[in-house]
Every structure is written in structure tokens, then in C-alpha cells.
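Residue numbering for the sequence shown follows the numbering used here, beginning at 5 and increasing consecutively. Just so it is clear, CB atoms sit at the ideal spot from N, CA and C, and this is done for glycine as well. Please read the structure below before turning to the comments.
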Amino acid sequence: MTTRPEHAADTPEIYSLKNVNRVFGKGKDELQVLSGVDLSLHEGEIVGMLGRSGSGKSTLFRALAGIWPFGQGHVRVPAGARVLFLPQKPYIPIGTLRDAVKYPDEHSTASDADIRAALQAALLGHLVDRLDEEAHWSNTLSGGEQQRLAIARALVFKPDWLFMDEATASLDDAAEATVYEALKQRLPSTTMVSIGHRPSLRKWHDRQIELKRAPGEVGRLVEV
């Protein structure tokens with residue numbers, strides 16, 4: 005694997021990509037999506053990632069996660085950082101609702117009161133009395149409820165770095181504003197990076213970065 009997380013104790017406040025290149029899309033006609041990409045994210049920033057559909061934003065997120073093998077470069081992760089990625093369709097394990105909210109932190113010490121507060125903040129108050137219920141929650145909850153459960157998960161996990169790839173796409177504008185407000189208020193030290201297309205999201209971002217890539221061309225990052 006050529007794109008690899010690199011734990012950096014000397015710069016604990018920065019999460020960065022350095023010279024990420026030759027990151028390819030999959031298919032019979034592989035294309036170079038990104039070349040020579042450098043990106044630094046600082047503690048406490050709320051960053052919006054913009055770009056046309058198909059420009060490679062999700063590929064860039066996979067590179068940030070260190071899970072995209074089709075390329076070269078370095079992902080620099082602060083030593084001991086708690087990192088959480090929320091995709092558009094979150095993974096929800098079969099089991100109790102309590103465990104679904106605590107996932108992926110197997111050693112979470114969050115109390116039931118913490119979990120209920122997170123569910124309330126994520127507009128899932130109707131579920132607070134069902135923590136012991138075991139179910140296939142991906143089949144039980146609507147798409148919007150699953151995304152809000154992932155937001156509750158973030159509130160419980162309290163990551164240092166939170167990456168959201170269309171993580172609120174199934175919510176209406178009012179619900180989206182409520183959960184972003186909850187994230188901002190309850191996770192004041194967390195750096196948040198989100199992909200989203202709605203103009204309403206822009207007011208929540210301190211910084212906006214656009215991935216510019218025309219079809220068949222190599223992408224580049226531009227500060228907006």
C-alpha cells in the first residue's frame with residue numbers, strides 16, 4: 005500500500021496529505037484523479053470540501069483515511085488522534101442500539117445518559133428508551149435516521165478529527181442545521197471536514213476547499 009497513515013508526534017495539531025499522486029479511479033479505463041495534492045488541516049477547523057459530482061472528493065477522503073491503495077503519497081496523522089469517518093450510508097452493526105451508537109469504540113466508557121443525550125441532540129429522542137433492544141438497525145431505521153444515529157455516534161465518540169462524506173444528505177435543511185449546531189457546540193475542539201453540495205452547509209464552515217477536476221483531467225485543490 006503506497007498511501008499510508010504516518011503518526012507525527014512533532015506536529016500534533018496538523019492532519020495532512022503530502023504529495024498524494026497517481027490516485028486512480030476503478031474501472032476498465034483507469035484515470036489519474038489527483039496529482040501532487042498537499043493539504044493541511046488544523047485543530048478546531050470546520051472545513052467544507054466542494055467539487056462537482058465525480059471530481060474525486062470521496063477518493064480524497066479515502067486517501068485521508070489511508071484506505072485507498074491506488075496511489076502514492078503520505079497521510080500524516082497526529083500521534084494518538086481519535087479519527088472518525090462518517091460515510092453517506094453508515095455501517096450499523098446488528099445488536100443493541102447502545103452498541104450501535106458506541107461503534108466503533110469497543111472500549112467506550114460512555115454512560116447511558118451520555119448516549120441518550122447524544123440521541124436527543126441528533127433528533128432521535130424517540131429511541132432513547134430502546135438502548136437494550138437488539139435489532140438489525142440498518143433495516144429498522146430510515147436513511148435519515150441512520151445518518152442521525154451516526155451523528156449521535158460522533159457526539160459519543162468525541163473524535164479529534166471528524167470526516168463526513170455526504171453524512172447529512174438524507175436530512176432536510178432544518179434537521180441538517182440542528183445536527184451541525186449540535187456538533188459545533190458539543191465538539192468545540194474537533195476538526196470537522198465535510199463533503200456536501202447544499203449551499204446551506206456553507207455557513208457552518210470556517211474554510212472551504214474546492215476539488216477542481218474536469219472529466220478526464222487531473223484534479224487540484226483550490227482554497228475558496
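Helix, strand or coil at residue i [DSSP, three-state]
i	result
residue 222	coil
residue 216	strand
residue 228	coil
residue 202	coil
residue 157	helix
residue 210	coil
Residue from the options whose Cα sits closest to the Cα of residue i
i	options	result
residue 117	159, 89, 95, 97	159
residue 166	67, 86, 132	86
residue 138	182, 181, 101, 107	101
residue 208	218, 180, 216, 193	180
residue 48	64, 162, 174	162
residue 204	222, 183, 224, 119	183
residue 218	45, 46, 58, 50	58
residue 140	132, 96, 127	96
residue 68	56, 88, 84, 114	88
residue 91	178, 174, 189, 190	174
residue 76	84, 63, 82	63
residue 188	126, 110, 83	126
residue 50	224, 42, 220, 200	200
residue 94	130, 131, 146	146
residue 178	191, 152, 193	152
Where the beta strand (DSSP E) containing residue i begins and where it ends
i	result
residue 195	195-199
residue 1	It is not possible to answer for residue 1, since the shown part of the chain is limited to 5 through 228.
residue 46	41-46
residue 165	165-169
residue 52	50-54
For residue j and residue i, believed in contact at Cβ under 8 Å, the rounded distance
i	j	result
residue 135	residue 156	About 11 Å; that fails the 8 Å criterion.
residue 197	residue 214	With 8 Å as the limit, residue 197 and residue 214 do not qualify as a contact, their Cβ atoms being about 13 Å apart.
residue 171	residue 154	6 Å
residue 195	residue 164	7 Å
residue 55	residue 61	5 Å
residue 224	residue 216	6 Å
beta-carbon residue i near the ligand MN non-hydrogen atom, thresh 8 Å
i	result
residue 41	As presented, the structure is devoid of all ligands, the ligand MN included, so that no description of it is given.
*Can you list, in chain order, the stretches of the alpha helix (DSSP H) that have 4 or more residues and sit fully within the stretch 80-152?*
101-106, 116-125, 141-144
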